[in-house]
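Please read the structure below before turning to the comments.
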Amino acid sequence: MPEEILIKKPVQNHYHPKIVVCDFQSPRYVGGIGKRASKMLFLELLKKNINADLLPANVPMPDTTEQIFELMTEKSYDMLVAGEVTYFLDGMISADSRVESEMVVYSISNESLCTVGYAKAIESASPLPTTFFFSIRSWGRPAPSAESLLKRNSSKFALMIEEILARK
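Shown next as structure tokens:
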């Protein structure tokens, strides 16, 4: 599960909810990583075979809560998943890789928008240093890619969404 987590029981009890995963926002210096993060989450949810209708992760994220509410009512979505990659650093032979991302799950209750889940996940990994032992040299390896860390975060988020759906 993610490092920071808040799960509330969804007010509306949907038997087979219609869930959309919006494109995650990302820092300007890694354009496009938010879209990849949302696609990873979408694929993780598909792998888990949850009891819901999942919609593709190519829906742009609305800017305001009013726009989120309008989108959900217009398209009759039961839940909307929004997120942001807040930090993305691809490591190398001498530097760590690090990824931080946040996710919010929205639902509509009594004609108003409510947050049913929030999570923040942080992943970091260090490179394997080169070592010398007498006359034997062991070559180090670079840190795992930041994209692989992003995939780990997606797995954590998918677990949280599964937990939200289990609390119906």
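Per the working numbering, the sequence shown starts with residue 1178, numbered consecutively.
Glycine included, each C-beta is placed from N, C-alpha and C at the ideal position.
Inset, instruction - From the DSSP output, read off the bridge partner residues of residue 1300. - result: The beta-bridge partner set that DSSP reports for residue 1300 consists of 1276.
Inset, instruction - Decide yes or no for the touch test of the region 1251 to 1268 against the region 1280 to 1293: beta carbon pairs closer than 8 Å, at least 3 of them. - result: Below 8 Å, enough C-beta pairs join the region 1251 to 1268 and the region 1280 to 1293 to call them touching: three or more.
Legend entry - Cβ distance (whole Å) where residue 1262 is taken to contact residue 1203 below 8 Å: For residue 1262 against residue 1203, the beta-carbon gap comes to about 4 Å, under 8 Å, which counts as contact.
Inset, instruction - Label residue 1341 either buried or exposed according to how many other C-beta atoms from any shown protein chain fall within 10 Å of its C-beta, with 16 as the threshold for buried. - result: So residue 1341 ends up on the buried side.
Legend entry - Assigned secondary structure, residue 1286 (DSSP; H/G/I helix, E/B strand, else coil): Strand, per DSSP.
Inset, instruction - Evaluate contact between the region 1234 to 1251 and the region 1263 to 1271, counting only Cβ atoms and requiring at least three cross-stretch pairs below 8 Å. - result: With the cut-off at 8 Å, the region 1234 to 1251 and the region 1263 to 1271 do not touch.
Inset, instruction - For residue 1241, name the three-state secondary structure that DSSP assigns. - result: Residue 1241 falls in the coil class under three-state DSSP.
Legend entry - For residue 1343 and residue 1194, the rounded distance between their alpha carbons: Inter-residue distance for residue 1194 and residue 1343 is about 12 Å (C-alpha atoms, whole angstroms).
Inset, instruction - Please confirm whether residue 1222 and residue 1335 have their CB atoms less than 8 Å apart. - result: With contacts defined by Cβ atoms closer than 8 Å, residue 1222 and residue 1335 form a contacting pair.
Inset, instruction - Since I believe residue 1302 is in contact with residue 1326 (beta carbons under 8 Å), could you give me their beta-carbon distance rounded to a whole number of angstroms? - result: Rounded to whole angstroms, the Cβ separation of residue 1326 and residue 1302 is 6 Å, and the two are in contact under 8 Å.
Inset, instruction - Output the distance between the C-alpha atoms of residue 1320 and residue 1205, rounded to the nearest integer angstrom. - result: C-alpha separation (whole angstroms): 23 Å.
Legend entry - Option nearest residue 1209 by Cα separation, candidates 1330, 1329, 1324, 1225: Considering only alpha carbons, the answer is 1324.
Inset, instruction - Compute the Euclidean distance between the alpha carbons of residue 1281 and residue 1294, then round it to the nearest angstrom. - result: Linking residue 1281 to residue 1294 through their CA atoms gives a straight-line distance of about 6 Å.
Inset, instruction - May I ask whether a heavy atom of the ligand ZN can be found less than 7 Å away from the beta carbon of residue 1196? - result: What this structure holds is no ligand at all, so the ligand ZN is not there to describe.
Inset, instruction - Measure the alpha-carbon distance for residue 1244 versus residue 1299 and round it to whole angstroms. - result: Using only the alpha carbons, I get a separation of about 28 Å.
Inset, instruction - Keeping to the same chain, check which residues put their C-beta closer than 6 Å to that of residue 1237; ignore five residues upstream and five downstream. - result: Excluding sequence neighbours, residue 1237 sits near 1200.
Inset, instruction - Measure the C-alpha to C-alpha separation of residue 1217 and residue 1211 and round it to an integer number of angstroms. - result: The alpha-carbon atoms of residue 1217 and residue 1211 are separated by roughly 10 Å.
Legend entry - Same chain, Cβ closer than 6 Å to residue 1329, five either side skipped, listed in chain order: Excluding residues within five positions, the ones whose Cβ falls inside 6 Å are 1300.
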